[in-house]
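Sequence order for the protein chains is A and B. For the first sequence, this note's numbering begins at 93 and goes up steadily by one. For the second sequence, this note's numbering begins at 69 and goes up steadily by one. Glycine residues also receive a C-beta, built at the ideal position from the N, C-alpha and C atoms.
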Amino acid sequence: MQALTNKSKMVSDKKMTFLEKIYLPAIVKGMIITIKHFFRKKVTINYPEETREFSKVYRGQHVLKRDEQGRERCTACGLCAVACPAEAITMVAAERKPGEENLYCEEKYAAVYEINMLRCIFCGDCEEACPKEAIFLTDRIVASEYEREPFIYGKDILVEPLDPAKRIDVSARQTENVLKFKQNKRFAHNR
Amino acid sequence: MDWTIYLYKTIFLIVILLVTLLVAMYSTYAERKVAAFMQDRLGPNRAGIFGLLQPLADGLKMFMKEEIIPLSANKKLFILGPSIAMTTALLTGVVIPWGGTLIIFGREFSLQIADLNIGILYVFAMVSIGVYGIMIGGWASNNKYALLGSIRAASQMISYEIAMGMSIIALILTTGTLSLHEIVIQQHGMHWNIFYQPLGFLIFFICALAETNRAPFDLPECETELIGGYHTEYSSMKLGFYLFSEYVNMFISSAVISTLYFGGYNMPFIDQLGLSANAVTLLGTFFFFLKVFFFIFLFMWIRWTLPRFRYDQLMNLGWKGLMPLAIFNILATGVYYYFTELT
């Protein structure tokens, strides 16, 4: 019969020798293995003090980008909410009043923009769906909380700070190739 | 005997009690650290530096927990169980010689609370009463898992006590005394009993593992099949007492092993150092504790290396393996002494 895998081993039920029967050599062998591990370098990463090195395109907490003049890019079109497989995104659109041109890019903006971080599966589909380059996933970790309520992130957390020095860098997720890919909707083949 | 002796004995008793509890407390910490290190982890390191306050935090947690006594449980026995387990565990420390004799102002102060001439028998008596703590606790819980656990504990301890006793008989043949103090004095220099009774030591050590209900013989409390065994229904500090008594037992049996087989407080080459008597005594106590800690480490090392025995394997090993071996050991020792005495 042909073997299904090359990892299979032949087993036998031969009589054990005396040394095998008293198990002591085997026990000593096992104890040597454990004591070797005792002195080995530990693999633990002490999380809050040190963090694991992330990939550049890690998909963590979202950010709502501003443009160069510090205006919110989001126009509340709702494409991200439609694209979201976990239905984590909700928003309420509002019309820009005269005098608010320095706050919002276009005539429509999101008055409320909420992402439920407990529902979010961090797939990045919102980012892919966004026609305005407004939402991105970043390499920040969503903080843990004791209640469910604080996990619904509003605009106060999601929108990046106005101060140009404190802007969130998403260049790793916004390369030329990504832009090209997003413009060519033929490639959005996963729907 | 005047009042200073009584005062000294009382103070020393309290010191030994506290030391025992302290060592047991930090054994729980050491256990978790050793386990973690052997599994390439770091272990508890949040409470204090290196997590050194972890045992205190654990103890506090145990005290703060709600105390539940099941409705169908036998209340008196339910409380009696952990008390017996803890008391008997602590009582054994009385006969162990923690060190030699200190001479202060021309008076002799022995670092042993009671030098019973039947010290070994006393240790055995206390250990076998310890079974009752587990049995009563398991029975009083009125819970199937607890009952199964306590039945296992009882049968396991009884079976292994036989082999343990027999390995001790062979030891007594070589020492000719039951007093722990005498046994330690006989092992002065490097005449440790391990060199005269290697097989006896092996049997005794395996039985000590079984007696303290530690892996690979932790069947009475195996989490996977018995949900904790005899302490399934226990909560709060009563559970803490059960868990804690296991560590006290481990400390005491390490002390007994090092007393009986590894020369107790004797240090090799102590005579050549030319120190004063008191310094020798204190150094001896220090060395004794080193031995004890090594055995505690060995207990943990074995626990995190070997998987648990199956019940029939346990009984096979106890009755068909260790007991005949122990009898053979007695015979061999007896024959040896019979012929050497003749010449």
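- Shown here for I171(B): same chain residues with a beta carbon closer than 7 angstroms to its own, the five before and five after excluded, namely A345, N346 in chain order.
- Looking at the backbone, the Cα of R151(A) and that of F214(A) are separated by about 6 angstroms.
- Contacts between D108(B) and chain A, judged by CB atoms closer than 7 angstroms, involve H129, R132, K134, V135 in chain order.
- Measuring C-alpha to C-alpha distances from E229(B) to each of I295(B), M368(B), T280(B), L307(B) identifies T280(B) as the nearest.
- Going by C-alpha positions, S196(B) is about 42 angstroms away from K133(A).
- Annotation: the continuous alpha helix (DSSP H) that includes K359(B) extends over 345 to 371.
- Against chain B, the beta carbon of M123(A) has neighbours under 8 angstroms at W369, I370, T373, listed in chain order.
- Exclusion of the five residues before and after S322(B) leaves V360, F363, I364 as the residues of its chain whose Cβ lies within less than 6 angstroms of its Cβ.
- Rounded to the nearest whole angstrom, the C-alpha separation of K133(B) and M154(B) is 19 angstroms.
- Around the Cβ of Q224(B), a 10 Å sphere holds 16 or more other Cβ atoms; the residue is buried.
- Secondary structure note for Y205(A): its beta strand (DSSP E) is the uninterrupted segment 200 to 208.
- One alpha carbon belongs to E192(A), the other to I244(A), and they sit about 26 angstroms apart.
- Nearest C-alpha to W369(B) among L139(B), L277(B), G389(B): L277(B).
- For I260(A), the secondary structure class from DSSP, reduced to helix, strand or coil, is coil.
- Per the coordinates, the alpha-carbon of Y115(A) lies some 38 angstroms from the alpha-carbon of N210(B).
- Setting aside the 5 residues that flank it on each side, Y379(B) is surrounded in the same chain by R220, L287, each with a C-beta closer than 8 angstroms to its C-beta; the list follows chain order.
- Restricted to the segment 171 to 254 of chain B, the beta strand (DSSP E) segments that are unbroken, complete and at least 3 residues in length are 175 to 178, listed in chain order.
- Proximity of the segment 248 to 266 of chain A to the segment 71 to 82 of chain B falls short of the contact definition, fewer than three beta-carbon pairs being nearer than 8 angstroms.
- Taking a contact to require three or more Cβ pairs closer than 8 angstroms, the segment 119 to 131 of chain A and the segment 160 to 177 of chain A do not qualify as touching.
- Proximity of chain B to T126(A) at the Cβ level (cut-off 8 angstroms) is accounted for by M106, W369, W372, T373, in chain order.
- Inter-residue distance for G268(B) and I325(B) is about 11 angstroms (C-alpha atoms, whole angstroms).
- Nearest C-alpha to C212(A) among V234(A), Y201(A), E225(A): V234(A).
- At a cut-off of 9 angstroms between C-beta atoms, N113(B) counts as an interface residue with respect to chain A.
- Taking a Cβ-Cβ cut-off of 7 angstroms, the neighbours of I119(A) in chain B comprise L374, given in sequence order.
- Every unbroken stretch of the beta strand (DSSP E) spanning 3 or more residues and falling wholly within the segment 134 to 216 of chain A is given here in chain order: 154 to 156, 181 to 187, 200 to 208.
- Y205(A) sits close to V251(A), with the two beta carbons spaced by under 9 angstroms.
- A direct Cα-to-Cα measurement between D70(B) and G201(B) gives close to 37 angstroms.
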